[in-house]
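Asker: Take a look at this one; I'll ask things after.
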Amino acid sequence: IQYDSYAYWQQNRSLNQKHIDYWKEKLGGDLGVLNFPTDFSKKAIPSYKGALHTKKYSQTDANTFFDLSKQFETTNYIVMLSVFYVLLYKYTQQEDILIGTSITKRNHKSLEKLIGFFNDTLIFRASISKNLSFEEVVTVVKKTAMEAFAHSDVSYDSLVNEINPNRSLSTNPFSKY
(Lines of atoms letter the chains of each structure in order from A and count residues from 1; the text may use other names and numbers.)
(Lines give C-alpha, C1' and ligand atoms only; values in the text may rest on other atoms or scores of the structure.)
Protein backbone atom coordinates (compact mmCIF):
# COMPACT_ATOMS: atom_id res chain seq x y z
CA ILE A 1 0.00 0.00 0.00
CA GLN A 2 1.19 3.50 -0.84
CA TYR A 3 0.24 6.71 0.94
CA ASP A 4 -1.60 8.08 -2.10
CA SER A 5 -3.79 4.95 -2.11
CA TYR A 6 -4.55 5.49 1.56
CA ALA A 7 -5.36 9.18 0.97
CA TYR A 8 -7.67 8.27 -1.93
CA TRP A 9 -9.43 5.68 0.23
CA GLN A 10 -9.79 8.20 3.11
CA GLN A 11 -11.39 10.81 0.84
CA ASN A 12 -13.74 8.46 -1.00
CA ARG A 13 -14.98 6.02 1.62
CA SER A 14 -18.48 6.21 2.99
CA LEU A 15 -18.92 7.38 6.56
CA ASN A 16 -20.34 5.09 9.23
CA GLN A 17 -23.74 6.55 10.12
CA LYS A 18 -23.53 5.22 13.69
CA HIS A 19 -20.34 7.25 14.22
CA ILE A 20 -21.83 10.35 12.57
CA ASP A 21 -24.93 10.11 14.78
CA TYR A 22 -22.74 9.86 17.89
CA TRP A 23 -20.81 13.01 16.96
CA LYS A 24 -23.94 14.94 16.01
CA GLU A 25 -25.36 14.20 19.44
CA LYS A 26 -22.07 14.82 21.27
CA LEU A 27 -21.23 18.08 19.49
CA GLY A 28 -24.79 19.23 18.86
CA GLY A 29 -26.50 22.07 20.61
CA ASP A 30 -24.86 25.21 21.86
CA LEU A 31 -21.09 24.79 21.99
CA GLY A 32 -20.82 28.00 23.94
CA VAL A 33 -17.81 30.22 24.23
CA LEU A 34 -14.99 29.35 26.59
CA ASN A 35 -14.56 32.55 28.56
CA PHE A 36 -10.90 32.20 29.26
CA PRO A 37 -9.42 35.25 30.98
CA THR A 38 -6.76 36.92 28.87
CA ASP A 39 -4.44 39.84 29.30
CA PHE A 40 -5.19 41.26 25.85
CA SER A 41 -8.11 41.32 23.44
CA LYS A 42 -8.47 38.65 20.79
CA LYS A 43 -7.28 39.58 17.32
CA ALA A 44 -9.60 39.07 14.36
CA ILE A 45 -6.87 37.15 12.54
CA PRO A 46 -5.02 34.58 14.66
CA SER A 47 -1.23 34.64 14.62
CA TYR A 48 -0.66 31.12 16.01
CA LYS A 49 2.26 32.60 17.89
CA GLY A 50 2.60 30.72 21.13
CA ALA A 51 5.02 29.90 23.85
CA LEU A 52 6.55 26.76 25.22
CA HIS A 53 6.81 26.27 28.95
CA THR A 54 8.51 23.24 30.41
CA LYS A 55 8.90 22.03 33.93
CA LYS A 56 10.88 19.08 35.14
CA TYR A 57 9.22 17.21 37.97
CA SER A 58 11.09 15.32 40.65
CA GLN A 59 11.08 11.54 40.59
CA THR A 60 8.96 11.61 43.76
CA ASP A 61 6.31 13.79 42.07
CA ALA A 62 6.38 11.57 38.98
CA ASN A 63 5.96 8.42 41.08
CA THR A 64 3.04 10.02 42.95
CA PHE A 65 1.39 10.81 39.61
CA PHE A 66 1.97 7.26 38.30
CA ASP A 67 0.54 5.84 41.53
CA LEU A 68 -2.53 8.03 41.10
CA SER A 69 -3.07 6.63 37.61
CA LYS A 70 -2.83 3.09 38.99
CA GLN A 71 -5.20 3.94 41.84
CA PHE A 72 -7.82 5.22 39.36
CA GLU A 73 -7.13 2.24 37.03
CA THR A 74 -6.51 4.43 34.03
CA THR A 75 -3.68 5.83 31.96
CA ASN A 76 -1.42 8.74 32.75
CA TYR A 77 -2.94 10.53 29.75
CA ILE A 78 -6.46 10.37 31.22
CA VAL A 79 -5.28 11.65 34.60
CA MET A 80 -3.37 14.54 32.99
CA LEU A 81 -6.36 15.32 30.75
CA SER A 82 -8.53 15.38 33.88
CA VAL A 83 -6.13 17.82 35.51
CA PHE A 84 -6.41 20.01 32.40
CA TYR A 85 -10.24 19.91 32.57
CA VAL A 86 -10.11 20.96 36.24
CA LEU A 87 -7.69 23.77 35.38
CA LEU A 88 -9.96 25.06 32.59
CA TYR A 89 -12.96 24.82 34.90
CA LYS A 90 -11.13 26.78 37.62
CA TYR A 91 -10.23 29.57 35.18
CA THR A 92 -13.58 29.77 33.37
CA GLN A 93 -16.16 28.46 35.89
CA GLN A 94 -17.79 26.74 32.91
CA GLU A 95 -18.95 23.15 33.17
CA ASP A 96 -19.21 22.24 29.48
CA ILE A 97 -15.68 22.15 28.02
CA LEU A 98 -14.39 20.91 24.67
CA ILE A 99 -10.77 19.88 24.26
CA GLY A 100 -9.16 18.87 20.99
CA THR A 101 -6.36 16.34 20.97
CA SER A 102 -4.13 15.01 18.26
CA ILE A 103 -4.39 11.32 17.43
CA THR A 104 -2.58 9.02 15.04
CA LYS A 105 -4.81 7.17 12.59
CA ARG A 106 -2.63 4.11 12.08
CA ASN A 107 -5.35 1.72 13.16
CA HIS A 108 -4.74 -0.89 10.46
CA LYS A 109 -1.80 -3.30 10.47
CA SER A 110 -0.98 -2.44 6.84
CA LEU A 111 -0.38 1.22 7.81
CA GLU A 112 2.22 0.62 10.53
CA LYS A 113 5.29 0.88 8.28
CA LEU A 114 3.85 3.25 5.71
CA ILE A 115 5.49 6.68 5.54
CA GLY A 116 2.98 9.51 5.63
CA PHE A 117 0.98 11.90 7.77
CA PHE A 118 -1.75 10.04 9.65
CA ASN A 119 -2.65 12.55 12.36
CA ASP A 120 -6.13 13.84 13.01
CA THR A 121 -7.93 15.81 15.70
CA LEU A 122 -10.34 14.24 18.15
CA ILE A 123 -12.76 16.31 20.23
CA PHE A 124 -13.51 15.53 23.87
CA ARG A 125 -16.61 17.19 25.29
CA ALA A 126 -17.07 16.67 29.00
CA SER A 127 -19.18 18.28 31.67
CA ILE A 128 -17.66 18.70 35.09
CA SER A 129 -18.75 20.68 38.11
CA LYS A 130 -17.46 21.83 41.44
CA ASN A 131 -19.51 19.08 43.11
CA LEU A 132 -17.38 16.33 41.58
CA SER A 133 -14.40 14.86 43.38
CA PHE A 134 -11.24 14.51 41.33
CA GLU A 135 -11.82 10.76 41.10
CA GLU A 136 -15.28 11.45 39.64
CA VAL A 137 -13.75 13.90 37.15
CA VAL A 138 -11.29 11.18 36.08
CA THR A 139 -14.23 8.78 35.60
CA VAL A 140 -16.11 11.32 33.46
CA VAL A 141 -13.03 12.13 31.37
CA LYS A 142 -12.17 8.44 30.93
CA LYS A 143 -15.71 7.67 29.71
CA THR A 144 -15.63 10.68 27.38
CA ALA A 145 -12.26 9.67 25.93
CA MET A 146 -13.22 6.02 25.47
CA GLU A 147 -16.40 7.00 23.62
CA ALA A 148 -14.51 9.47 21.43
CA PHE A 149 -11.83 6.92 20.55
CA ALA A 150 -14.53 4.34 19.76
CA HIS A 151 -15.97 6.79 17.21
CA SER A 152 -12.66 8.18 15.93
CA ASP A 153 -13.08 6.65 12.50
CA VAL A 154 -14.75 9.89 11.36
CA SER A 155 -12.13 12.46 10.42
CA TYR A 156 -12.16 15.95 11.88
CA ASP A 157 -12.79 17.46 8.44
CA SER A 158 -15.78 15.16 7.97
CA LEU A 159 -17.14 16.22 11.36
CA VAL A 160 -16.92 19.88 10.42
CA ASN A 161 -18.69 19.18 7.12
CA GLU A 162 -21.39 16.97 8.66
CA ILE A 163 -22.15 19.04 11.77
CA ASN A 164 -21.53 22.43 10.14
CA PRO A 165 -21.12 24.43 13.36
CA ASN A 166 -21.51 28.21 13.45
CA ARG A 167 -18.05 29.46 12.65
CA SER A 168 -15.65 32.32 12.82
CA LEU A 169 -12.58 32.25 10.61
CA SER A 170 -10.50 33.40 13.57
CA THR A 171 -11.09 30.22 15.59
CA ASN A 172 -11.29 26.47 15.39
CA PRO A 173 -14.78 25.31 14.24
CA PHE A 174 -15.54 23.62 17.56
CA SER A 175 -14.10 26.28 19.84
CA LYS A 176 -15.23 29.88 19.84
CA TYR A 177 -12.88 31.54 22.30
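Numbers given in my numbering equal positions in the sequence shown, counted from 1, plus 618.
For each residue, glycine too, the CB sits at the ideal point set by N, CA and C.
1) Give me the Cα-Cα distance between asparagine 782 and lysine 731, rounded to the nearest whole angstrom.
2) Would a C-beta distance cut-off of 8 Å place phenylalanine 736 and alanine 766 closer than the cut-off?
3) Is it buried or exposed, serine 786, if we count other Cβ atoms within 10 angstroms and call 16 or more buried?
4) Under the rule that 16 or more other beta-carbon atoms within 10 Å means buried, what is phenylalanine 792, buried or exposed?
5) Return the residue from the list Ile619, Asp685, Val701, Gln635 that minimises the CA-CA distance to serine 751.
6) Alpha carbon to alpha carbon, how far is aspartate 738 from leucine 705?
7) Are the Cβ atoms of isoleucine 733 and tyrosine 621 separated by less than 8 Å?
8) Expressed to the nearest angstrom, what Euclidean distance is found between the alpha-carbon atoms of valine 697 and threonine 789?
9) With which residues is alanine 680 paired in a DSSP beta bridge?
10) Which word fits threonine 692, buried or exposed, when buried means at least 16 other C-beta atoms lie within 10 angstroms of its C-beta?
11) Counting only runs of 3+ residues fully inside the segment 669-727, write out the beta strand (DSSP E) ranges in chain order.
Answerer: Taking the structure as given:
1) 34 Å
2) no
3) exposed
4) buried
5) Val701
6) 25 Å
7) yes
8) 27 Å
9) Paired residues: none, contrary to the question.
10) buried
11) 714-722
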